[in-house]
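2 protein chains.
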Amino acid sequence: MTGTSNRSVERAFRIVDELAANGSGRVSELAERLDMPVSTVHNYLQALVSTGYVAVEDKEYATTTRFLEVGHRQRHRLEVFKAVSDELQDIAAETGEHVTLLVEENDQCVIVAVQEGPDAVNLFAYPGARMPLHAAAPGKAILAHMPDDRVREIIDRQGLVEMTKRTITDPDVLFDQLERIREQGYAVDEGERIAGMVCISAPVLDKGDRIRGAICVCGPQSRIDEARREEIAEIVQRAANVTQVNLDYV
Amino acid sequence: MTGTSNRSVERAFRIVDELAANGSGRVSELAERLDMPVSTVHNYLQALVSTGYVAVEDKEYATTTRFLEVGHRQRHRLEVFKAVSDELQDIAAETGEHVTLLVEENDQCVIVAVQEGPDAVNLFAYPGARMPLHAAAPGKAILAHMPDDRVREIIDRQGLVEMTKRTITDPDVLFDQLERIREQGYAVDEGERIAGMVCISAPVLDKGDRIRGAICVCGPQSRIDEARREEIAEIVQRAANVTQVNLDYV
DNA sequence: GTAAACGTTCGGCTCTGTCGAAGAGTTCTT
DNA sequence: AAGAACTCTTCGACAGAGCCGAACGTTTAC
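The following block contains the structure:
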């Protein structure tokens, strides 16, 4: 949080980010894109290869499965991930839609697990995908159960970025909604993050009422009318409840 | 490959490895385990946090979901992963056992995807998990379709480490087996990597006969007799075949 | 309330990462 | 074929970045 940092570490991960974004890259290509000297990039890539986190084949550098490994290990230690166990799959089967488990991390809302039901639309949703907390149902469900001043801090740091015309960009409107979410026990968004998509999400709280994550169902607006929305809200809340119980016995 | 390296990068990833291995860690704990000065570890952790790959909560440092993200993005670019699509799930349902997709990376055999059938035994198998190529059916299936001198190089670099009493440790025996695997189209191991487990695996080749990965079914010896083994071999080979066809049309 | 353990900041020294330039390959053009 | 244009890799001298001991805060334990 203070100014202390390490240039090499920063640069190494900038290269990793670039590789992850583009799938792979060559020395000079990366050098140009990152605005670093070719020989420097070359050195970093060598160093990264020797760690095993990057591999090279025919001068094409790419991240290795080590990232998958580290990611999966971490996920398995996320208590809420263990606690949700088969619930996601059950909901996906029951609703047919796209089901996700999300947690808060670094002021953002991150997908931890994805389960696609038989009718799920093809979203760009994969474990690790990030989105702003204010701009979707799961994020709002999470914010609703954070202390108000923490929410304010997050708004200060991240702002209320507009993702679609319907995204909430006024803090007062947001706080009103959070209040309502607490009352009704679940959150809804209609195209606030992705136009034409409806998301319904219930928070997962632990024994001490601390927010641990959210379970979310997403589907196209055309398929999810008022009645179906309540139906799904029921299902999602039930799953969140089961998860909460599991959480306390882990 | 040459001596060129970068101490900071090495150290940063050593810390990441340590965090991944133990789930999380505190400054002094890591300092001791990695034999580095406390202040140095502190600096690195700060740097890592600022990259977003590590997060800290109550002095506990842990890797973030960023690793999951990078890993999943990479996986989606693995052609063989796309090509195998729903085959794994189908095999898992059909056989009831533990089904995996594996590829070669850095002289090792790495799990890319896991699908557990209803009767699957609880293996310590997750995406990113690594094993020696010579010590299990999928690795042997992969080796069988590499040029001989490449296999020799791998043996030279990695050795034939003994994992159980049945692991192949003699190069001649290994080469004989590879020959047989090529003839019969699939590989088998009986407790060569994990005592009591039988694995049956078929290679996935592309148009140019280059090896791209292997599909593997694992189950307890007690449940998989000679007849069932052939049955599974059929299924695995069929799936590998479908994958190969998909691969050529991606 | 005191002691012990841990986390964080500071700053001077040194070693390490840095990057230009040259060398070695590779691919495309003429 | 031979050159031109490119990329990758090696080398080495220099400067500034990382390093770590020690001092300072802060938390935990007893």
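Protein chains in written order, with the UniProt record's numbering: chain R, 1 to 250; chain V, 1 to 250.
Quick reminder that beta carbons are idealized off the backbone N, C-alpha and C, glycines included.
With residue i and residue j assumed to form a contact (beta carbons below 8 Å), what rounded beta-carbon distance in angstroms separates them?
| i | j | result |
| --- | --- | --- |
| C218(R) | H98(R) | 5 Å |
| R193(V) | M163(V) | 5 Å |
| A93(V) | V9(R) | Actually they do not touch by this definition, with Cβ atoms about 45 Å apart. |
| N6(V) | N43(R) | 6 Å |
| Y126(V) | H72(R) | 5 Å |
| D107(R) | I154(R) | 5 Å |
| V188(V) | A137(V) | 6 Å |
| Q74(V) | F67(R) | 7 Å |
| V38(V) | V27(V) | 6 Å |
Measure from the alpha carbon of residue i to the alpha carbon of each residue in the options, then state which is nearest.
| i | options | result |
| --- | --- | --- |
| L174(R) | A12(R), V242(R), V38(R) and L143(R) | L143(R) |
| E190(R) | R166(R), D172(R) and A141(R) | R166(R) |
| Q244(R) | K207(R), V236(R), E234(R) and I235(R) | K207(R) |
| D172(R) | V151(R), F13(R), Q184(R) and A120(R) | V151(R) |
| K140(R) | G213(R), L123(R), M197(R) and N22(R) | G213(R) |
| R223(V) | A120(V), E116(V) and R11(V) | A120(V) |
| C109(V) | G128(V), D209(V), G185(V) and R11(V) | G128(V) |
| T95(R) | L247(R), L178(R), A240(R) and V236(R) | V236(R) |
| V56(R) | G25(R), L30(R) and R33(R) | G25(R) |
| D90(R) | M131(R), P118(R), I111(R) and E105(R) | P118(R) |
| A202(R) | A195(R), E183(R), G196(R) and P220(R) | E183(R) |
| L78(R) | E234(R), I111(R) and Q46(R) | I111(R) |
| N122(R) | R33(R), Q46(R), M197(R) and V41(R) | M197(R) |
| P220(V) | E116(V), R14(V) and C199(V) | C199(V) |
| D209(V) | D248(V), R14(V), A227(V) and E234(V) | D248(V) |
| A83(V) | V204(V), I232(V) and D225(V) | V204(V) |
| G159(R) | V41(R), L102(R) and M131(R) | M131(R) |
| Q115(V) | E105(V), H76(V) and S85(V) | S85(V) |
| R35(R) | I15(R), Q46(R) and A240(R) | Looking at the sequence provided, one finds Asp at residue 35(R) rather than Arg. Nearest of I15(R), Q46(R) and A240(R) to D35(R), Cα basis: I15(R). |
| T65(R) | V41(R), A227(R), G23(R) and D149(R) | G23(R) |
| R238(R) | L88(R), V41(R), A47(R) and R33(R) | L88(R) |
| T100(R) | I215(R), Y186(R) and V41(R) | I215(R) |
| E105(V) | L30(V), I211(V) and E32(V) | I211(V) |
| N241(R) | Y186(R), D225(R) and R229(R) | Y186(R) |
Is the shortest distance between the beta-carbon of residue i and the beta-carbons of chain R less than 8 Å?
| i | result |
| --- | --- |
| E105(V) | yes |
| L48(V) | yes |
| N6(V) | yes |
| V70(V) | yes |
| A55(V) | yes |
| T63(V) | yes |
| T100(V) | no |
| F67(V) | yes |
| N74(V) | The question names Asn, but residue 74(V) is Gln in the sequence shown. Yes, Q74(V) counts as interfacial toward chain R. |
| R77(V) | yes |
| Y126(V) | yes |
| V112(V) | yes |
| V9(V) | yes |
| V16(V) | yes |
| G23(V) | yes |
| G52(V) | yes |
Does the beta carbon of residue i sit closer than 8 Å to a beta carbon anywhere in chain V?
| i | result |
| --- | --- |
| L247(R) | no |
| I194(R) | no |
| Y44(R) | yes |
| N12(R) | Sequence check: residue 12(R) is Ala here, not Asn. A12(R) counts as touching chain V. |
| P118(R) | no |
| Q221(R) | no |
| G96(R) | no |
| A93(R) | no |
| T167(R) | no |
| A20(R) | yes |
| A129(R) | yes |
Tell me the start and end of each unbroken alpha helix (DSSP H) in the region 1 to 69 of chain V that is at least 4 residues and wholly inside, in chain order. 7 to 22, 27 to 34 and 38 to 51
Uninterrupted beta strand (DSSP E) stretches inside the region 153 to 232 of chain R (no shorter than 3 residues): 187 to 190, 197 to 205 and 211 to 220
Would you list, in sequence order, the uninterrupted alpha helix (DSSP H) runs of no fewer than 4 residues that lie entirely inside the region 83 to 140 of chain V? 87 to 95
At a cut of 8 Å, does the region 48 to 65 of chain R reach the region 17 to 24 of chain R through at least three beta carbon pairs? yes
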